[in-house]
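Written out below as C-alpha cells is the structure these notes cover.
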Ligand code: GLU
C-alpha cells in the first residue's frame with residue numbers, strides 16, 4: 010500500500026452551491042433530451058421540478074431528555090406512469106435542492122428499466138453516526154408520521170438510500186402499518202426478508218453495476234479477469250461491488266470511505282476489509298498508510314467506480330482520470346463539464362441513472378411480491394434483474410451510438426420519454 014497518509018475530511022458532503030448545481034445540471038440534460046426528442050417547451054416546464062415537495066419538522070426526544078427538531082423532505086417528481094418511488098437518505102448535508110434532483114433521477118431510472126413508477130425521494134438532515142439506535146427508531150417513525158398523508162403502497166413507496174438500511178425500513182413499515190390499521194408491507198422496500206423483503210435487494214445496486222461493468226467491458230474489449238478496478242466508497246453499493254468484482258477475477262486495487270482510501274497495485278484483500286467495515290462503510294481508519302480520495306480517483310486502472318456521493322469527478326480532475334471505463338454507482342458523482350471531458354477523451358462513462366438502477370429494479374420486484382403475497386427464489390430475482398439490466402444497457406448504448414451522444418444524454422432520452430408520453434395520454438399536456 011502507498012505510504013501517503015491523509016485523513017480526509019468527510020467526503021460525503023458538498024456545499025449548498027454544489028447541490029443547487031446538481032438540480033441545475035439535471036434540468037439542463039432533461040432539456041437537451043426533450044429537445045432531441047422534439048417535445049415542445051411545456052414538457053420541460055412540467056418535468057423540470059417535482060410535482061410535489063413536502064417539508065416536515067420532526068420533534069424527537071433524545072436519549073438525554075432534550076428535544077431536537079429535525080427537518081425532513083419528501084419530493085414526488087412525476088406520477089403519470091405510476092406511484093412515485095425512491096429512497097430516503099439520512100445525512101447532515103441533505104438539502105431541498107438535492108432531494109428534488111434525486112427525485113428526478115428516480116423518474117429517469119424507472120423509465121430506463123421500464124418499471125411502472127415515477128420518481129420520488131426523501132431525506133432527513135441528521136447524522137445517524139452520532140445517534141443511538143433508539144433515537145434513530147424515533148426519528149424513522151416520526152418521519153413516517155409526518156409524511157404519511159402523501160405516501161402509501163399505491164401513492165409513493167420509499168426505500169433505503171445513503172445511511173438508511175433494512176432496520177430503518179422495518180420501523181417505517183411498522184409505523185405506517187399502525188397508521189393504516191393494516192399490515193402494509195408494500196408501503197416500503199428494502200425490508201428485512203422476514204418482513205416481506207426480497208432476496209437480492211440488499212446487493213441489488215451492486216449487482217446492477219456489475220452487469221453494467223461487464224457489458225461496458227465487452228464494448229471496450231477489456232477482459233474482466235485481471236482487470237484493475239478502483240471503487241470509491243465502501244457503503245452498500247461499494248462494498249458489495251468490490252466483492253463481486255473480486256469474485257469475478259478482477260483485481261480491486263483501490264477502495265475508499267469518507268476518511269481516506271487504500272491502494273495496493275497487487276489487489277486488496279477484499280474479504281478482510283468487508284469483515285472489518287462498520288455499518289456505515291468505514292474501514293480505512295484502521296490503517297495508517299492511506300491515500301486521499303482525490304488520489305484514489307486518479308489511480309492508473311481499467312475501471313473506475315464512484316460509489317460514494319455527488320460531485321467527485323469535476324473539471325478539475327477529469328483530465329487526470331486514467332480509467333478506460335467509468336461506471337457511476339453513486340448518484341451524481343460526475344459533473345456535466347467532467348462528463349464532456351471524459352467523453353472527449355474516449356472514456357466510456359456509464360451514467361448513474363442506468364448503472365445504479367438495479368436497486369430500484371429489485372425494489373419493484375419486492376413490491377410485486379408483497380402485492381401478490383408470493384415470494385421468489387434468489388435465482389429468480391437474479392435472472393430477472395440480469396435481463397432488465399442487459400436490455401437497458403444495450404438500449405442506451407445503442408441510442409448513444411446512433412445519435413452520436415454520450416451515454417448520459419442517451420439515458421435521459423430513454424428515461425424521460427415514457428414520462429412525457431404518459432403525461433400526454435393523461436391529458437396533462
Ligand atoms: N435509493 C436507491 C436509489 O437511489 C433505491 C431506490 C428504491 O429502491 O426505490 O436508486
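In our numbering, the protein residues as written are 10 to 438. The beta-carbon is built from N, C-alpha and C at its ideal position, and this holds for glycine as well.
{"Check": "Does the beta carbon of residue 215 fall short of 7 Å from some heavy atom of the ligand GLU?", "Outcome": "no"}
{"Check": "Does residue 63 come out as helix, strand or coil in the three-state DSSP assignment?", "Outcome": "strand"}
{"Check": "Kindly examine the ligand GLU and report whether one of its heavy atoms sits closer than 7 Å to the Cβ of residue 201.", "Outcome": "no"}
{"Check": "Assuming residue 44 and residue 143 make a contact with CB atoms under 8 Å, what is their CB distance in whole Å?", "Outcome": "51 Å between Cβ atoms; not a contact."}
{"Check": "Just reading off the beta strand (DSSP E) that residue 440 is part of, what are its end residues?", "Outcome": "Here the chain has residues from 10 to 438 only, and residue 440 is not among them."}
{"Check": "At a cut-off of 7 Å, is residue 251 close to the ligand GLU when judged by its beta-carbon and the heavy atoms of the ligand?", "Outcome": "no"}
{"Check": "In whole angstroms, what separates the C-alpha of residue 222 from that of residue 96?", "Outcome": "23 Å"}
{"Check": "Using only the alpha-carbon positions, how far apart do residue 46 and residue 419 sit?", "Outcome": "11 Å"}
{"Check": "Evaluate contact between the region 278 to 290 and the region 364 to 378, counting only Cβ atoms and requiring at least three cross-stretch pairs below 8 Å.", "Outcome": "no"}
{"Check": "With residue 408 as the anchor, note down where its alpha helix (DSSP H) starts and where it stops.", "Outcome": "387 to 412"}
{"Check": "If contact is defined by three or more beta carbon pairs under 8 Å, each pair taking one atom from either stretch, is the region 134 to 151 in contact with the region 180 to 189?", "Outcome": "yes"}
{"Check": "Identify whether residue 95 lies in helix, strand or coil by the three-state DSSP scheme.", "Outcome": "strand"}
{"Check": "Tell whether a beta-carbon distance below 8 Å holds between residue 171 and residue 98.", "Outcome": "yes"}
{"Check": "Can you pull the DSSP bridge partners for residue 204?", "Outcome": "DSSP output for residue 204 lists no bridge partner at all."}
{"Check": "Specify the secondary structure class of residue 126 as computed by DSSP and reduced to three states.", "Outcome": "coil"}
{"Check": "Does the beta-carbon of residue 484 have 16 or more other beta-carbons within 10 angstroms, so that it is buried, or is it exposed?", "Outcome": "Coverage of the chain is limited to positions 10 through 438, which leaves residue 484 absent and any answer about it impossible."}
{"Check": "Kindly provide the ranges of any beta strand (DSSP E) runs that are 3 or more residues long and lie completely inside the region 109 to 182, ordered along the chain.", "Outcome": "127 to 133 and 165 to 169"}
{"Check": "Which residue comes first and which comes last in the alpha helix (DSSP H) that contains residue 321?", "Outcome": "Per DSSP, residue 321 belongs to no alpha helix (DSSP H) and is neither H nor E."}
{"Check": "Excluding the 5 residues flanking residue 252 on each side, which residues of the same chain have their C-beta closer than 7 Å to its C-beta?", "Outcome": "279 and 283"}
{"Check": "If you check the beta carbons only, do residue 266 and residue 292 fall under 8 Å apart?", "Outcome": "yes"}
{"Check": "Any heavy atom of the ligand GTP within a distance shorter than 7 Å of the CB on residue 96?", "Outcome": "Of the ligands one can find in the structure shown, namely the ligand GLU, none is the ligand GTP."}
{"Check": "So residue 374 is in the alpha helix (DSSP H); what residue range does that whole segment cover?", "Outcome": "367 to 381"}
{"Check": "With residue 165 and residue 93 assumed to form a contact (beta carbons below 8 Å), what rounded beta-carbon distance in angstroms separates them?", "Outcome": "4 Å"}
{"Check": "State whether the region 297 to 305 contacts the region 259 to 275, with contact taken as three or more CB pairs (one from each stretch) at a distance under 8 Å.", "Outcome": "yes"}
{"Check": "Counting pairs of beta carbons, one from the region 59 to 70 and one from the region 399 to 410, are three or more of them closer than 8 Å?", "Outcome": "no"}
{"Check": "In the DSSP assignment, find the unbroken alpha helix (DSSP H) run with residue 331 in it and report its ends.", "Outcome": "Residue 331 -> no alpha helix (DSSP H), and no H or E assigned at all."}
{"Check": "For residue 6 and residue 328, I'd like the C-alpha separation in whole angstroms.", "Outcome": "Nothing in the structure corresponds to residue 6, since the chain is present only between 10 and 438."}
{"Check": "Quick one: residues in its chain with C-beta nearer than 8 Å to the C-beta of residue 211, no 5 flanking neighbours on either side, listed in chain order?", "Outcome": "175, 199, 245 and 249"}
{"Check": "Using the beta-carbon count (16 or more within 10 Å), is residue 295 buried or exposed?", "Outcome": "exposed"}
{"Check": "May I ask you to check if the CB of residue 265 is nearer than 7 Å to at least one heavy atom of the ligand GLU?", "Outcome": "no"}
{"Check": "Tell me whether residue 237 sits in a helix, a strand or coil according to DSSP, three-state version.", "Outcome": "strand"}
{"Check": "Output needed for residue 481: all residues of its chain with C-beta closer than 6 Å, excluding positions within five of it in sequence on either side, in chain order.", "Outcome": "The shown model of the chain, from 10 to 438, leaves out residue 481, and the question about it has no answer."}
{"Check": "Which residue from 381, 371 and 61 puts its Cα closest to that of residue 388?", "Outcome": "371"}
{"Check": "Specify the secondary structure class of residue 82 as computed by DSSP and reduced to three states.", "Outcome": "strand"}
{"Check": "Assign residue 353 to one of two classes, buried (16 or more other C-beta atoms within 10 Å of its C-beta) or exposed (fewer than that).", "Outcome": "exposed"}
{"Check": "Excluding the five sequence neighbours on either side, which residues of its own chain have a C-beta within less than 6 Å of the C-beta of residue 173, listed in chain order?", "Outcome": "97 and 99"}
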